[in-house]
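In UniProt numbering, the protein residues as written are 1 to 64.
We put the beta carbon where it would ideally sit given N, CA and C, even for glycine.
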């Protein structure tokens with residue numbers, strides 16, 4: 001039987017597309033985590049400013 005010559009090419013395309021989708025999903029997840037982290041730190045900064053400090057680091061120095 002003659003083997004189809006395009007089969008290895010199609011297999012590699014499938015592997016590369018799966019790898020690309022995986023990298024994209026990881027990137028989206030890391031971006032979501034970064035957004036959550038930014039929201040948390042922004043809240044801490046606003047809370048420190050409301051308490052009269054210049055920023056959260058200044059407040060932390062006073063508490064330690």
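- For residue 18, the three-state secondary structure derived from DSSP is helix.
- Cβ-Cβ distances below 8 Å link residue 56 to 41, 44, 45, 47 and 48 in the same chain, with the five nearest sequence neighbours on each side left out; the list follows chain order.
- If you check the CB distance, residue 39 and residue 53 do not come in under 9 Å.
- C-alpha of residue 35 to C-alpha of residue 17: approximately 27 Å in a straight line.
- Counting along the chain, the unbroken alpha helix (DSSP H) around residue 57 starts and ends at 56-63.
- Inter-residue distance for residue 10 and residue 20 is about 15 Å (C-alpha atoms, whole angstroms).
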